[in-house]
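Visitor: In our numbering, the protein residues as written are 19 to 177. Beta carbons: idealized from backbone N, C-alpha and C, even for Gly.
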Amino acid sequence: MQNNHTALDKLAYGVYVVTLRNEAVINAFTASWISQVSFDPPLIMIAVHRAHFSHFLLAGGGNFAINILGENQGELARLFYTPVGAEEQERVGVPFITRKSGAPILREAMAYLDCQLVTSYEAGDHTIYLGQVIDSGVAREGNPLTTQQLGERYANSRQ
19 MQNNHTALDK
29 LAYGVYVVTL
39 RNEAVINAFT
49 ASWISQVSFD
59 PPLIMIAVHR
69 AHFSHFLLAG
79 GGNFAINILG
89 ENQGELARLF
99 YTPVGAEEQE
109 RVGVPFITRK
119 SGAPILREAM
129 AYLDCQLVTS
139 YEAGDHTIYL
149 GQVIDSGVAR
159 EGNPLTTQQL
169 GERYANSRQ
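1. Quick one: Cα of residue 161 to Cα of residue 88, how far?
2. Am I right that residue 83 and residue 48 are in contact with their C-beta atoms under 8 Å? What's the rounded C-beta distance?
3. If you pair each beta-carbon of the stretch 162-169 with each one of the stretch 64-80, do three or more pairs fall below 8 Å?
4. Can you tell me the Cα-Cα spacing of residue 115 and residue 163, whole angstroms?
5. Mapping DSSP to helix, strand and coil, what is residue 73?
6. State the Cα-Cα distance for the pair residue 130 and residue 63, rounded to the nearest angstrom.
7. Quick one: grab the DSSP three-state call for residue 155.
8. What are the boundary residues of the alpha helix (DSSP H) that residue 93 is part of?
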(Lines of atoms letter the chains of each structure in order from A; the text may use other names.)
(Lines give C-alpha, C1' and ligand atoms only; values in the text may rest on other atoms or scores of the structure.)
Protein backbone atom coordinates (compact mmCIF):
# COMPACT_ATOMS: atom_id res chain seq x y z
CA MET A 19 0.00 0.00 0.00
CA GLN A 20 1.27 3.46 -0.91
CA ASN A 21 2.00 6.12 1.64
CA ASN A 22 -1.07 8.36 2.15
CA HIS A 23 1.01 11.42 1.27
CA THR A 24 1.55 10.13 -2.27
CA ALA A 25 -2.20 10.15 -2.89
CA LEU A 26 -2.77 13.38 -0.95
CA ASP A 27 -0.21 15.09 -3.19
CA LYS A 28 -2.62 14.58 -6.10
CA LEU A 29 -5.22 16.94 -4.61
CA ALA A 30 -5.49 20.22 -6.53
CA TYR A 31 -5.59 23.55 -4.67
CA GLY A 32 -5.90 27.20 -5.51
CA VAL A 33 -3.27 29.63 -4.25
CA TYR A 34 -4.53 32.67 -2.36
CA VAL A 35 -3.21 35.47 -0.19
CA VAL A 36 -5.12 35.71 3.09
CA THR A 37 -5.02 39.15 4.65
CA LEU A 38 -6.31 40.01 8.08
CA ARG A 39 -6.55 42.70 10.66
CA ASN A 40 -6.78 42.13 14.39
CA GLU A 41 -7.11 45.54 16.01
CA ALA A 42 -4.02 47.49 14.86
CA VAL A 43 -2.11 44.45 13.54
CA ILE A 44 -2.20 43.73 9.81
CA ASN A 45 -1.01 40.35 8.50
CA ALA A 46 -0.84 38.57 5.15
CA PHE A 47 0.15 35.04 4.15
CA THR A 48 -0.13 32.64 1.22
CA ALA A 49 -2.60 29.79 1.70
CA SER A 50 -4.04 26.96 -0.34
CA TRP A 51 -6.31 25.05 2.06
CA ILE A 52 -9.36 27.21 1.42
CA SER A 53 -12.87 26.21 0.33
CA GLN A 54 -16.42 27.46 0.05
CA VAL A 55 -18.61 25.42 2.42
CA SER A 56 -22.06 27.05 2.09
CA PHE A 57 -24.12 29.13 -0.35
CA ASP A 58 -26.65 30.44 2.18
CA PRO A 59 -25.11 32.08 4.02
CA PRO A 60 -21.94 32.25 1.91
CA LEU A 61 -19.25 30.65 4.10
CA ILE A 62 -15.54 30.12 3.44
CA MET A 63 -13.14 27.98 5.44
CA ILE A 64 -9.40 28.42 5.73
CA ALA A 65 -7.05 25.97 7.44
CA VAL A 66 -4.12 27.57 9.28
CA HIS A 67 -1.29 25.67 10.99
CA ARG A 68 -1.34 26.24 14.75
CA ALA A 69 2.34 27.27 14.83
CA HIS A 70 1.65 30.12 12.37
CA PHE A 71 1.53 33.70 13.75
CA SER A 72 -1.59 34.27 11.64
CA HIS A 73 -3.28 31.51 13.66
CA PHE A 74 -2.73 33.58 16.80
CA LEU A 75 -4.24 36.68 15.17
CA LEU A 76 -7.28 34.83 13.83
CA ALA A 77 -7.84 33.13 17.18
CA GLY A 78 -8.03 36.61 18.68
CA GLY A 79 -11.02 37.42 16.50
CA GLY A 80 -9.50 39.00 13.42
CA ASN A 81 -11.61 39.29 10.27
CA PHE A 82 -9.97 38.21 7.03
CA ALA A 83 -10.04 38.55 3.25
CA ILE A 84 -9.28 35.92 0.63
CA ASN A 85 -7.36 37.51 -2.24
CA ILE A 86 -7.85 35.35 -5.34
CA LEU A 87 -4.81 35.52 -7.60
CA GLY A 88 -4.68 35.08 -11.36
CA GLU A 89 -2.68 32.33 -13.02
CA ASN A 90 0.13 34.78 -13.84
CA GLN A 91 0.54 36.04 -10.24
CA GLY A 92 2.86 33.38 -8.84
CA GLU A 93 5.46 35.96 -7.82
CA LEU A 94 2.83 37.89 -5.86
CA ALA A 95 1.91 34.68 -4.02
CA ARG A 96 5.57 34.01 -3.20
CA LEU A 97 5.94 37.45 -1.59
CA PHE A 98 3.68 36.23 1.21
CA TYR A 99 5.17 32.76 1.82
CA THR A 100 6.66 34.29 4.93
CA PRO A 101 3.79 36.07 6.70
CA VAL A 102 4.00 39.84 6.42
CA GLY A 103 2.97 42.15 9.24
CA ALA A 104 2.18 45.85 9.18
CA GLU A 105 5.80 46.79 9.90
CA GLU A 106 6.87 45.04 6.67
CA GLN A 107 4.35 46.60 4.27
CA GLU A 108 6.99 48.97 2.89
CA ARG A 109 9.36 46.06 2.24
CA VAL A 110 6.77 44.19 0.24
CA GLY A 111 5.37 47.31 -1.45
CA VAL A 112 2.00 45.78 -2.31
CA PRO A 113 -0.80 48.35 -2.08
CA PHE A 114 -4.09 47.41 -0.45
CA ILE A 115 -7.53 48.83 0.27
CA THR A 116 -10.10 47.93 2.91
CA ARG A 117 -13.79 47.14 2.64
CA LYS A 118 -16.48 46.11 5.14
CA SER A 119 -14.52 43.80 7.46
CA GLY A 120 -11.52 46.10 7.75
CA ALA A 121 -9.16 43.38 6.48
CA PRO A 122 -6.71 44.57 3.82
CA ILE A 123 -7.50 43.64 0.21
CA LEU A 124 -4.65 43.53 -2.30
CA ARG A 125 -5.21 45.97 -5.18
CA GLU A 126 -3.50 43.51 -7.54
CA ALA A 127 -5.81 40.58 -6.70
CA MET A 128 -7.99 39.21 -9.49
CA ALA A 129 -10.92 38.98 -7.03
CA TYR A 130 -11.55 39.07 -3.29
CA LEU A 131 -13.84 37.68 -0.60
CA ASP A 132 -14.11 39.91 2.47
CA CYS A 133 -15.05 37.74 5.47
CA GLN A 134 -16.27 38.16 9.01
CA LEU A 135 -14.93 35.44 11.30
CA VAL A 136 -17.77 33.17 12.50
CA THR A 137 -16.10 30.32 14.40
CA SER A 138 -13.17 27.92 14.43
CA TYR A 139 -12.58 24.18 14.79
CA GLU A 140 -9.45 22.27 15.78
CA ALA A 141 -8.40 19.84 13.03
CA GLY A 142 -5.17 17.95 13.68
CA ASP A 143 -2.20 20.31 13.41
CA HIS A 144 -4.38 23.03 11.84
CA THR A 145 -7.35 25.12 12.90
CA ILE A 146 -10.23 25.62 10.49
CA TYR A 147 -11.52 29.19 10.55
CA LEU A 148 -14.99 29.74 9.16
CA GLY A 149 -15.85 33.15 7.76
CA GLN A 150 -19.03 34.60 6.30
CA VAL A 151 -18.53 36.53 3.07
CA ILE A 152 -19.82 40.06 3.72
CA ASP A 153 -18.40 41.69 0.58
CA SER A 154 -16.74 40.51 -2.63
CA GLY A 155 -15.51 41.83 -5.92
CA VAL A 156 -13.93 40.84 -9.22
CA ALA A 157 -11.30 43.19 -10.65
CA ARG A 158 -10.74 41.19 -13.83
CA GLU A 159 -11.63 37.89 -15.43
CA GLY A 160 -9.18 35.03 -15.83
CA ASN A 161 -8.11 31.68 -14.46
CA PRO A 162 -7.10 31.41 -10.80
CA LEU A 163 -3.59 30.46 -9.70
CA THR A 164 -3.14 26.83 -8.62
CA THR A 165 -0.47 24.86 -6.77
CA GLN A 166 0.20 22.82 -9.92
CA GLN A 167 1.09 25.99 -11.85
CA LEU A 168 3.66 26.78 -9.16
CA GLY A 169 5.00 23.21 -9.12
CA GLU A 170 3.97 22.72 -5.50
CA ARG A 171 1.87 20.35 -3.43
CA TYR A 172 0.33 23.20 -1.46
CA ALA A 173 1.31 26.83 -1.09
CA ASN A 174 4.81 27.21 0.35
CA SER A 175 5.80 23.54 -0.05
CA ARG A 176 7.98 22.61 -3.01
CA GLN A 177 7.69 19.13 -4.46
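Guide: To lay it out plainly:
1. 6 Å
2. Actually they are not in contact, since the Cβ atoms of residue 83 and residue 48 sit about 13 Å apart, beyond 8 Å.
3. no
4. 21 Å
5. helix
6. Spanning the two alpha carbons is a distance of roughly 14 Å.
7. strand
8. 92-97
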